[in-house]
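FYI, the working numbering numbers position 41 of the sequence shown as 41, with every residue one higher than the one before it. Built from N, CA and C at the ideal position, the CB exists for glycine as well. So the structure is just underneath, and the comments pick up after that.
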Amino acid sequence: MFLVAAIALFIAMVLVLIRLYAGPTLYDRVLASNSFGTHTVLFIGVLGFLNGRPDFLDIALLYALINFVGTIAILKFFRYRAIGDMHQRNGAQK
1 MFLVAAIALF IAMVLVLIRL YAGPTLYDRV LASNSFGTHT VLFIGVLGFL
51 NGRPDFLDIA LLYALINFVG TIAILKFFRY RAIGDMHQRN GAQK
């Protein structure tokens, strides 16, 4: 049963990659990359279960955190054209 889930996740990841390259707007591509990261987390979890390695869940959790922070950073960059603190860029003092 979990082998079927792993195959379905792999097919879904391929479809998301197609959407990533064919996305008409930037936000479609960011959404596709976030979805690919989520599918990767699920895929790591299923593979860990199939191999009998529960420590894969720790790796999947860490990857999910990196995926979330990376998506927020990308969206912030495309909105403000900067990653750092905006007060430092404008010369404002605290």
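For Val41, the CB contacts under 6 angstroms within the same chain, skipping 5 residues up- and downstream, are Ala60, Tyr63 and Ala64 in chain order. Taken through DSSP and simplified to helix, strand or coil, Thr71 comes out as helix. When DSSP states are grouped into helix, strand and coil, Met1 belongs to the coil group.
Taking Val30 as reference, the option from Gly84, Ile83, Phe68 and Ala82 with the minimal CA-CA separation is Phe68. Secondary structure note for Arg81: it is in no alpha helix (DSSP H), with a DSSP letter that is neither H nor E.
The alpha helix (DSSP H) runs of length 4 or more contained entirely in the stretch 7 to 65 are, from start to end of the chain, 26 to 51. Spatial neighbours of Pro24 in its own chain (CB-CB distance under 8 angstroms, excluding positions within 5 residues in sequence) are not present.
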